[in-house]
Structure formats: structure tokens, C-alpha cells
Amino acid sequence: MATLIPSLNASLRRMTGGERRFAQRLVEKLEDDYTCWYDVPIGVATRHPDFVLLSPRRGVLILEVKDWKLETIERADKSQITIHTDSGPKRVANPFEQARQYAHAVVNLLQQDLQLQQTNGPYKGRLCVPFGYGVVLANITRKAFETAQLDAVIEPHRVICRDEMVENVEAEAFQKRLWDMFTVQFGAALSMPQIDRIRWHLFPEIRVQPKQLSLGEDDGGDVLADLPDLLRVMDLQQEQLARSLGEGHRVIHGVAGSGKTLILGFRCERLAPVLTKPVLVLCYNATLAAKLQAVIRLKKLDQKVNVRTFHGWCFDQLRLYNVPMPPKGEAYFDQLVESVIQGVEKGQIPRAQYGAVMIDEGHDFRPKWLKLVAQMVDPETNSLLVLYDDAQSIYGGKTKRKFSFSSLGIQAQGRTTILRLNYRNTAEILSTAYEFAKEYIRPAHAEDDGVPLIQPESAGRHGLPPELRQFPTLAKEGSYLAEQFRQINRGGRPWRDMAVVYRTAFIGEEITKQLQAAKIPVQWLGGPGGKKRFDPGADSVTVMTMHSSKGLEFPVVAVPGLGYMPHRDYDIHDEAKLLYVAMTRAMDKLLLTCSKDSQFVSRIQQVSKAAKPGAKQGIVSNLMGLFGR
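The opening position of the sequence shown corresponds to residue 4 in this note's numbering, with each subsequent residue numbered one higher.
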């Protein structure tokens, strides 16, 4: 069964009858390795072919679908066709010529990429991806096609007719009709990296790193030969989900690193240009808000998309609508929210202010916050997206989770998706984090439309096992991390790729002091003078609390001071979640250090001992004596 993007259910409302029948045949009659895109713009020029098919064994196929009946066609030539309409005759482009032009535009785009070129032989430098194009005449039989001599203006082997796409057509016969449309065919199948590169070029909006170089129309037509070896894109499940999100309220439950925020950015990109009211993106912590703001600016959406922390948004609402601010004090933030809730109930603050509302890290929101925000969505668009992972829920205590979305006005029954696959972390980092935390964070089924705890599954990316090192003092932990960071920087990684994630202020202060003593550039978000604004673009090591690290990721992460966890004043389950969050910020390398024993240190030691002998030095490597180095 082929993958259709957007999903068939999401596409039905805008498909013609012929497109719907053809899409059903594609899904039913093609193998699992086919991916089919319906009405998705390709390239920066945003051409809109009806269908794009991609198969590692066959290549790229562009198809135009027409619902014309034979009597609809008045005359035809190779460039244009005159059809009967309610308002009289109308000349339109020959769909075969349309498909041909789309296909050659794809070829011109892809063959500029060195990794998609033939490397030897008479066609060296030409595209190594097979391609083809054709037409689907959903309401004209093959006999009628030939009788009307349409084969003079549309090549007959590049057409699928009505009687060749019926429900009971043999899969092999249906596929042969598609294969016959290919201009060239090669023996070797496309590799997964080549498939990702094709998708990267054809669909710019699914690129994980918007700053990556682009080709062809993206940069004025210059040929760029220095693209990176790895071009990261959404995986097919993420892309299908992102493109299939329709109207109404949606909840996405996803494990850490499953691409929830990536889907949020894609959703903003799709909705902002078509909505009259602005889009609101909310999260809990300021560092994630700064990161999201940087992404929105990079996508040039900041005029239509507002990114705020929840409490910052509440402050804005009271100030904008002249509602009295609560007095500064211990309960200031709680009173701030209550003032907004009361302002909405009294009509001082209007509802339905936004064309769409999206909540990142929704597990950090209290139920009454979610209920308040849901009222801000314009009923005309009714677009609300909540991203959730209760395994990362680190605010509000145990009672926060005991609610159903429907009780808060979030109507997401039947529109909830679960993402289990973790793409951020290597398998070694993910297994370390999960094996440590599973005693405290157990998967569970949700009742009604509540929140499930999800066990993550690795995407299979591998790297070095995390390291646990023990030292006599916290200062020694800091000097060791400074030495490690400097070595990594000398190896080519910029400082911005590294972060220190800590539990309490004195740990952050000491580690920052050691990094500064080693002349390493640092931005300490908890430094003197109040919380520093996070600058994602600064080339410096970021030092932040575990709470502030939510939603962020770095290739290299150090978690010092493990011996001081769990904090004696807090629930051990919440502390375990915090450490789980901290460890899963690391994409490629995770450094764990301590200078005293604790329950969590012992747990990580158990994780190491439980690893199978000979398995990459165990789950946690380089475990040393308490005062050794």
C-alpha cells in the first residue's frame, strides 16, 4: 500500500471525482515503497502538478488528471485543448504538455545536485534519477481515446484511461501503465539519502534546517556544488501528518525528539499566508520562545505569527485591554492568569482573537490555561493545535495531568495522533535516558481523550555511548567539561552546538566560572542581573537550567552535578523527568558528571551494569571511581 500525502481522508474535499478514484488506486495497487503527493507545490516556483510519485526502484513520475468526458473536448492540438464549459468554449493547456514541462523542471532542479548525478559512463553529469510524466483521463475509455484520435496529441503509452483504473484492475497491469510512462530507467535502486535529497529539493517546506543551501530557483539559478552530504528533511510520517492537519482542534502526542516543533513550524508556514487574523504560538519557557521566534523570523513569518510565553501573552492582554495588573508578589503569575480569565469572562478581553493557536510543550500548561487559550481561536477557522508529551511534564505536580481535553473545550476526539519515533537522539543516548527514567515514567493508556505516556522508539541513528565521570569536587567537573568542549571545538564544532544543562543555580554558577576561566565563550541564562535573553545564533556555549532546556536540542550536551539529584525538596518522579528532559536534549554526544553519590548516580550505574557484554562498552561508558579520573 502506497503512502499518500496528504492522507486520502484529508484530501477528499478538494479532489475531483477522477482524482479521488485515481488516488484510491494508487494507495491500493502500489507497493509500500511508493510515496505519492497530491496537489503539493514543488520547488520554490511552487508548480502544482496533480500527482507526484516517487519510488526507489522506479524514480519520479509527474501526472496530470482530468475529469473530461469525450464530449467535453471540442478540439485539441499538442499545446492546447478547447473544452466546452457552461460559459462557452475555453482553451486550456494540453495536460500532457503541462506534465512534460513539470517533469523537465524537476529534472533541471535535481541534476544540479552532484549526489544526484551519474558519476561515470556516457551520461556522466546527467541526472541519475529515472523520471517520467503522463496524463490520467478519468472519464474516457481507451477505446474512446483511440476513436477520437486523441493519441495524436497525447502519447498513448503515457495515458491511463477510465477502464484502466477501475477498482478491480490487476495491480500488475495498473503498475505497468505507470512504468511505461518513464522516459529512462536504471538498474540500481535509489538509496535512502538520495530519496531524502529529492524530497529536500522538491519540497522546501519540509527541510529541517531552513538555512541549508538550496538550488536552482532558490538562489537565482546559480549551480551550487557544495551542498552538505546530509540534507535533513521531515520523515514521511511527519510530512504526511503535517500536510494532513485539517480544520478543527488537533492534539499530537509525541515523545521527545519526534519532530513536534517541526510540525508546528510547518503548520505556521501553511496557515499564516491564508488567514486574515494572526497566528498565536504559545509555550511555557522563555528559551523555547526565543528559539521559536528565531525559526519564525527565518521563515519570514514574524508579521503574521506571534510567538510568546504563556505568561508574557497574559501580560500583553492585560496591558492591551487596560485591565488592572495584579500587584507584584509571590503569587504574581497565578494572579496574572486569573486576571486574564476574569477579563475574558467579563468581556473586557475579547475571545476569538486569532486565526489559529498552537501550543508547544502543552504538557507544561495547567488545565485552566488550556481552557483559556482555546477560547482565543476564531470559530470561523477553529484551528487549534496542541503538542504534548507527558513524559516531559515537569511543571505543576502530579495532579496537573488529571483532566480530559474535552472538559477544557478542546474537541480533539478522533483527531489525535501519536508520534513514537525519536529522531533527535542517537540510540545510545535515548536508551540511556529511557533505561534511567523508566522506573519513574511508565507508559500508560489514557482514558477518554486524556494524555497517554508514550514509550519512545529509536529511529536507529547510532553514536558514542554517553559518558559518566566522577570527580572530587564540582569545580573539577567544570574544568573537565571545559577541556572536553575545547577538544570538540578544535574538531570543528562551533561553540553554539554545545550546552550545559543543570538542576540548581550553584551548579550553573560553578560550571560557568570554569568555562570562563578556560576562555570559552558562554551565555549563562541564569547569570547575575536576572535571566539573560537566549540568543540561539550566538556562537557560545549555552548554560541553562533543566527547566529552561525544554524544547531545545544541541549536538553536544553536558549534565553536571548529578550527585545533587534528586533534590531533597521535590518529588523524585518529577526529578527523574527533569533529568530525562536534560539527557534527551543531546543529539550526538552526552556527557554526565558528578562529584558525590546519589540515588540517580546509582541508577545510572545500574543501567551501565545491565548492558549486554560487548555492546559498545555498555549503555554508559567510562564509568570511573568516585574520586578517579
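Think of the CB as a built atom: it goes at the ideal place given N, C-alpha and C, for glycine as much as any other residue.
Residue closest to residue i, alpha-carbon to alpha-carbon, out of the options
| i | options | result |
| --- | --- | --- |
| L140 | C271, R23, G350, W372 | R23 |
| N142 | P207, K72, W372 | K72 |
| G358 | P276, A79, Y391 | P276 |
| R506 | S434, G529, E486, N97 | G529 |
| R311 | N325, L301, V326, K294 | K294 |
| Q240 | A462, F603, I432 | A462 |
| G511 | P329, I157, G481 | G481 |
| K32 | T279, S410, E173 | E173 |
| Q487 | R418, L555, L424, A561 | A561 |
| F474 | G128, Q351, V604 | V604 |
| L278 | H204, I198, V360 | V360 |
| M590 | R493, E431, T515 | E431 |
| E242 | E250, I352, H252, S261 | S261 |
| G417 | V254, D367, I575, A502 | V254 |
| Q517 | T548, M547, Y483 | Y483 |
Secondary structure of residue i, DSSP reduced to three states
| i | result |
| --- | --- |
| T587 | coil |
| C131 | coil |
| I575 | helix |
| L66 | strand |
| Y287 | coil |
| N309 | strand |
| S386 | strand |
| K302 | coil |
| L555 | coil |
| F368 | coil |
| S434 | helix |
| G564 | coil |
| T548 | strand |
| A502 | strand |
| F488 | helix |
| Y483 | helix |
| E512 | helix |
| H87 | strand |
| R16 | helix |
Nearest-angstrom beta carbon gap, residue j and residue i [assumed within contact, 8 Å]
| i | j | result |
| --- | --- | --- |
| L193 | V258 | Contact flag wrong, Cβ pair sits at about 29 Å. |
| S551 | T476 | At roughly 25 Å, the Cβ-Cβ gap does not stay under 8 Å, so S551 and T476 are not in contact. |
| N288 | K553 | 5 Å |
| L595 | L565 | 6 Å |
| I209 | M237 | 4 Å |
| A440 | A579 | 5 Å |
| T19 | D70 | 5 Å |
| P524 | V544 | 7 Å |
| P539 | A297 | 5 Å |
| A13 | C39 | Going by Cβ atoms, the distance from A13 to C39 rounds to 13 Å, so no, they are not a contact pair. |
| A102 | V138 | 6 Å |
| S82 | E67 | The Cβ separation is near 14 Å, so there is no contact. |
| W316 | L339 | That pair is no contact at about 10 Å. |
| R3 | A541 | Since the first residue of the chain shown is 4 and the last is 632, residue 3 is not available in this structure. |
Chain D within 8 Å of residue i, Cβ atoms only
| i | result |
| --- | --- |
| P382 | Here chain D cannot be found, since the structure has a single protein chain. |
Local Cβ density within 10 Å of residue i, reported as buried at 16 or more and exposed below that
| i | result |
| --- | --- |
| R61 | buried |
| D166 | exposed |
| E364 | buried |
| I421 | exposed |
| D451 | Note that D451 has pLDDT 40, beneath the 50 cutoff, so the model's placement of it is unreliable and the number below is only indicative. That one is exposed. |
| P92 | exposed |
| M568 | buried |
| G268 | buried |
| G21 | buried |
| Q118 | exposed |
| K371 | exposed |
| F537 | buried |
| D35 | exposed |
| T290 | buried |
| F509 | exposed |
| H160 | exposed |
| P459 | buried |
| M195 | exposed |
| K546 | For the record, residue 546 in the displayed sequence is Val; it is not Lys. It counts as buried. |
| R17 | exposed |
| A155 | exposed |
| V187 | exposed |
Proximity test, residue i beta-carbon vs the ligand ZN heavy atom, cut-off 7 Å
| i | result |
| --- | --- |
| V162 | You won't find the ligand ZN in this model; it holds no ligand whatsoever. |
Give the list of continuous beta strand (DSSP E) stretches no shorter than 3 residues that lie fully inside the segment 314–341. Within the segment 314–341, no run of beta strand (DSSP E) reaches 3 residues while sitting entirely inside it.
Which runs of the alpha helix (DSSP H) spanning at least 4 residues fall entirely within the segment 249–288, listed in chain order? Here the runs fully enclosed are 263–274.
In chain order, which alpha helix (DSSP H) runs of at least 4 residues are fully inside the segment 146–191? 174–182, all fully within the segment 146–191.
My parser needs the beta strand (DSSP E) runs of 3 or more residues fully inside the segment 92–117; what are they? For the segment 92–117, not a single whole beta strand (DSSP E) run of length 3 or above is found.
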